[in-house]
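Encoded as structure tokens, the structure appears first; notes follow it.
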Amino acid sequence: MKVHLYGNTLNNSYNLALFLRAKGIDAEMFLDDSSKLQQDYPWWEDAGLNEGNLPDWIHYYKVNPNFLFPQNELKRMIIDFSVCDIALVCGWGPIIAQRAKVPYFFYSFGSDLVITALRENLFEAIRKSVYFKKPRGLRSLLFFGPIQRKAICNADRIGITMGYQVNTYVRKLGLTDKMRKVRLAWDIEKYAAKRNLFLKEKYKRFDVIYFMIARHSWRSVWNDPKGNDKFFRAYARLVKEKKPNALLVTIQKGHDVEASMRLISELNIESYVEWVKEMNKDGIRGYISLDNVVVVDQFWHDKWYLKYPEDKEKPRMPFGSGSIEALSAGKPLITAFSDEDFYENEFPPILSAFTEDEIYKRLIESLEMGDSGRKELGRRGYEYVKKYNGWENTIDLYINVLNEILDEKKNGEKPGSPLNVERTSQIPS
Numbered sequence: 001m002k003v004h005l006y007g008n009t010l011n012n013s014y015n016l017a018l019f020l021r022a023k024g025i026d027a028e029m030f031l032d033d034s035s036k037l038q039q040d041y042p043w044w045e046d047a048g049l050n051e052g053n054l055p056d057w058i059h060y061y062k063v064n065p066n067f068l069f070p071q072n073e074l075k076r077m078i079i080d081f082s083v084c085d086i087a088l089v090c091g092w093g094p095i096i097a098q099r100a101k102v103p104y105f106f107y108s109f110g111s112d113l114v115i116t117a118l119r120e121n122l123f124e125a126i127r128k129s130v131y132f133k134k135p136r137g138l139r140s141l142l143f144f145g146p147i148q149r150k151a152i153c154n155a156d157r158i159g160i161t162m163g164y165q166v167n168t169y170v171r172k173l174g175l176t177d178k179m180r181k182v183r184l185a186w187d188i189e190k191y192a193a194k195r196n197l198f199l200k201e202k203y204k205r206f207d208v209i210y211f212m213i214a215r216h217s218w219r220s221v222w223n224d225p226k227g228n229d230k231f232f233r234a235y236a237r238l239v240k241e242k243k244p245n246a247l248l249v250t251i252q253k254g255h256d257v258e259a260s261m262r263l264i265s266e267l268n269i270e271s272y273v274e275w276v277k278e279m280n281k282d283g284i285r286g287y288i289s290l291d292n293v294v295v296v297d298q299f300w301h302d303k304w305y306l307k308y309p310e311d312k313e314k315p316r317m318p319f320g321s322g323s324i325e326a327l328s329a330g331k332p333l334i335t336a337f338s339d340e341d342f343y344e345n346e347f348p349p350i351l352s353a354f355t356e357d358e359i360y361k362r363l364i365e366s367l368e369m370g371d372s373g374r375k376e377l378g379r380r381g382y383e384y385v386k387k388y389n390g391w392e393n394t395i396d397l398y399i400n401v402l403n404e405i406l407d408e409k410k411n412g413e414k415p416g417s418p419l420n421v422e423r424t425s426q427i428p429s
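Going by my numbering, 280 is the number at position 280 of the sequence shown; the sequence numbering is gapless.
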């Protein structure tokens with residue numbers, strides 16, 4: 001089976017290609033300049049790589065795709081992409097695979113599926129314009145959104161990694177028969193404690209370092225909210241009431257960084273907060289290797305039901321990649337989570353919190369459990385994430401779906417046919 005991958009959100013295609021190749025599958029990755037974020041390029045994951053130093057199975061095309069008026073380099077990439085048995089794609093990958101005329105399994109990690117909700121996204125763009133704010137991604141929404149929507153609908157299978165995607169997007173598109181639940185596949189061993197001696201010395205005087213791994217995005221429920229503000233308020237309460245020997249380290253990343261800085265100043269906790277520059281994965285791994293670290297991820301928005309009215313009874317909050325990184329390093333984690341049905345209904349050993357009051361109580365708990373309690377919680381979290389996200393245990397979810405599609409093509413069945421669903425009942429649905 002020859003598999004081509006496209007769409008490198010948070011290096012998913014890069015990592016999946018590595019894992020597929022480790023399983024003996026001929027997997028090649030296609031990369032372009034569609035992302036403005038360095039986190040979506042292989043050298044963010046592995047510092048030894050760069051534009052001029054990539055393995056021969058990564059094909060890099062210096063083009064930012066225009067799907068309305070395709071550039072020559074984009075046309076060349078699509079022609080090259082077509083030489084495979086099947087494609088595994090995210091991001092704009094459905095458009096690439098559809099134009100290459102190959103079978104494809106589309107798995108979503110967020111915005112690539114969100115863009116199919118054209119009406120809701122246009123409403124948000126208009127709302128921002130009314131308040132004299134520049135809408136984000138408007139060009140892609142208007143010009144590429146309808147093309148992406150059609151390409152997703154034509155995918156042979158839809159891989160879902162987060163619960164909120166089901167009712168709000170997949171069901172509305174009428175694609176539940178094609179849907180398969182999958183999980184992020186992760187190289188857990190990359191996070192084995194490789195202590196950064198400089199950081200260890202710098203922070204050794206603190207009982208706890210709270211490391212906020214999530215980017216700053218919290219002012220609007222429509223913009224992938226991380227709920228940073230809820231944590232800041234809970235942390236301010238902790239500082240004022242308990243005066244802990246603790247420090248919050250947070251990264252200058254996200255479109256709400258300035259708003260976060262203002263809020264921290266208003267809460268008068270600046271001396272308990274340290275800002276650090278955006279860093280690659282080696283930098284992240286350095287911070288979460290600290291013996292006294294507690295990782296802080298995301299807490300969503302209190303009015304989630306405005307964006308996800310189909311889930312108004314309960315928010316469907318998944319793990320972010322930062323949560324998986326924290327657990328991979330065997331560190332305590334404070335985050336919101338309610339997607340246990342993606343994990344065989346086994347709730348993770350984390351300090352789960354959604355509201356500001358819950359976050360405050362979890363902060364107290366993280367202090368009171370002491371060093372030994374934090375280490376034990378981290379150990380249990382490591383075992384959990386290795387079981388459910390370790391690539392050795394997870395990559396078969398993807399391989400099974402790829403084989404399912406190829407078998408379907410071979411037998412001339414329609415996607416999601418009753419015969420096919422029966423035959424693949426062992427695959428998560």
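From the three backbone atoms N, C-alpha and C, an ideal C-beta is built for every residue, glycine too. Bear in mind the structure is a predicted one, so any value in this text is a computation, not a measurement.
field: Per-residue DSSP class, three states only, for GLU325
entry: GLU325 falls in the helix class under three-state DSSP.
field: Endpoints, beta strand (DSSP E) assigned at ARG180
entry: Here the beta strand (DSSP E) through ARG180 covers 179-181.
Whole-angstrom distance between GLY373 and ARG262, CA atom to CA atom: Between the alpha carbons of ARG262 and GLY373 lies a distance of about 34 Å.
task: Could you tell me which of GLU376, TRP275 and ARG21 sits nearest to MET212, measuring between CA atoms?
output: Of the listed residues, the one whose Cα sits closest to MET212 is TRP275.
- request: Tell whether a beta-carbon distance below 9 Å holds between ASP339 and ARG316.
  value: By the CB criterion at 9 Å, ASP339 and ARG316 fall inside the cutoff.
message: Can you tell me where the alpha helix (DSSP H) holding ILE350 begins and where it ends?
response: In the DSSP assignment, ILE350 falls outside any alpha helix (DSSP H), carrying neither H nor E.
field: Stretch pair the stretch 304-312 + the stretch 339-352: three plus CB contacts closer than 8 Å
entry: These segments do not touch.
Same chain, Cβ closer than 7 Å to ASN12, five either side skipped, listed in chain order: Closer than 7 Å at the Cβ level, and outside the excluded window around ASN12, lie CYS90 and PHE109.
message: Here's the rule: buried if 16 or more other CB atoms are within 10 angstroms of the residue's CB, otherwise exposed. What is ASN50?
response: Under this definition ASN50 is an exposed residue.
Contacting residues, own chain, Cβ-Cβ under 6 Å from GLY390 (five flanking each side not counted): ILE188.
task: Tell me whether ARG215 is buried or exposed, calling it buried when 16 or more other Cβ atoms sit within 10 Å of its Cβ.
output: Buried: at least 16 other Cβ atoms inside 10 Å.
Cβ-based neighbour list, ALA236, same chain, cut-off 7 Å, excluding 5 preceding and 5 following: Closer than 7 Å at Cβ, skipping near neighbours: LEU267 and ILE269.
Contact the stretch 319-330 vs the stretch 359-368: 3+ CB pairs below 8 Å: The stretch 319-330, when compared against the stretch 359-368, does not touch it at the 8 Å Cβ threshold.
- prompt: What do you get for ILE79, buried or exposed, if any count of 16 or more other CB atoms within 10 angstroms of its CB means buried?
  reply: With fewer than 16 other Cβ atoms within 10 Å, it is exposed.
task: Decide yes or no for the touch test of the stretch 178-197 against the stretch 148-165: beta carbon pairs closer than 8 Å, at least 3 of them.
output: Result yes; three or more Cβ-Cβ pairs closer than 8 Å.
task: Kindly confirm or deny that the stretch 225-239 and the stretch 250-260 touch, where touching means at least three C-beta pairs closer than 8 Å.
output: Yes: the two stretches touch, three or more of their Cβ pairs being nearer than 8 Å.
query: With burial defined as no fewer than 16 other Cβ atoms inside 10 Å of the residue's Cβ, what is the status of SER217: buried or exposed?
result: A residue is called buried once 16 or more other Cβ atoms fall within 10 Å of its Cβ, and SER217 is buried on that count.
- prompt: If you scan the stretch 277-340 from start to end, which runs of the beta strand (DSSP E) of 3 or more residues do you find wholly inside it?
  reply: Complete beta strand (DSSP E) runs here, min 3: 293-296 and 333-335.
- request: Can you tell me which of ALA22, LEU10 and THR9 puts its alpha carbon nearest to the alpha carbon of ASP396?
  value: Ranking ALA22, LEU10 and THR9 by Cα distance to ASP396 puts ALA22 first.
- prompt: Applying the criterion that 16 or more other CB atoms from any shown protein chain within 10 Å of the CB defines a buried residue, is SER366 buried or exposed?
  reply: Buried is the call here.
query: Which class does VAL401 belong to by DSSP, given the choice of helix, strand or coil?
result: Under the three-state reduction of DSSP output, VAL401 falls in the helix class.
message: According to DSSP, ARG432 sits in a beta bridge with which residue or residues?
response: Lying outside 1 to 429, the shown extent of the chain, residue 432 is not represented and no answer is given.
message: Using only the alpha-carbon positions, how far apart do ALA17 and PHE143 sit?
response: Going from the Cα of ALA17 to the Cα of PHE143 covers about 30 Å.
- prompt: By DSSP, does ALA246 sit in helix, in strand, or in coil?
  reply: The answer is strand: DSSP assigns ALA246 an E or B state.
query: Would you report the Cα separation of VAL221 and PHE299, rounded to the nearest angstrom?
result: VAL221 and PHE299: Cα-Cα distance of roughly 12 Å.
task: Answer yes or no: do GLY93 and LEU20 have a C-beta to C-beta separation smaller than 9 Å?
output: Against a cut-off of 9 Å, the Cβ pair of LEU20 and GLY93 comes out as no contact.
query: With burial defined as no fewer than 16 other Cβ atoms inside 10 Å of the residue's Cβ, what is the status of GLY52: buried or exposed?
result: Here GLY52 is exposed, its C-beta having fewer than 16 other C-beta atoms within 10 Å.
task: Report yes if the CB atom of ILE95 is closer than 9 Å to the CB atom of GLN148, and no otherwise.
output: Contact check for ILE95 against GLN148 passes: the beta carbons are separated by less than 9 Å.
field: the stretch 238-257 touching the stretch 168-176, judged by at least three CB pairs closer than 8 Å
entry: The way I'd put it, the stretch 238-257 doesn't touch the stretch 168-176; fewer than three beta-carbon pairs between them come closer than 8 Å.
Nearest neighbour of ILE334, chosen from GLN98, GLY24 and LEU248 [CA to CA]: Relative to the Cα of ILE334, the nearest Cα in the group GLN98, GLY24 and LEU248 belongs to LEU248.
- prompt: Going along the chain, which residues of its own chain have a beta-carbon closer than 6 Å to the beta-carbon of TYR61, five neighbours each way excluded?
  reply: Non-local beta-carbon contacts of TYR61 in its own chain, meaning distances under 6 Å to residues more than five positions away in sequence, involve ASP32, GLU73 and MET77 in chain order.
task: Report the option in THR168, PRO65 and VAL63 whose CA atom is closest to the CA atom of GLY111.
output: Reading off the sequence shown, one finds Ser at residue 111, where the question assumed Gly. The residue with the shortest Cα to Cα distance from SER111 is THR168.
message: I believe ALA329 touches TYR104 by the beta-carbon criterion, under 8 Å. Please report the beta-carbon distance rounded to the nearest angstrom.
response: For a cut-off of 8 Å, the C-beta gap from ALA329 to TYR104 is around 34 Å, too long to register as a contact.
- prompt: Between ASN223 and LYS312, what straight-line distance do the alpha-carbon atoms span, to the nearest angstrom?
  reply: Their backbone Cα atoms lie some 18 Å apart in a straight line.
field: Helix, strand or coil at LYS23 [DSSP, three-state]
entry: Coil, per DSSP.
message: By the three-class DSSP mapping on this structure, what secondary structure does VAL89 have?
response: The answer is strand: DSSP assigns VAL89 an E or B state.
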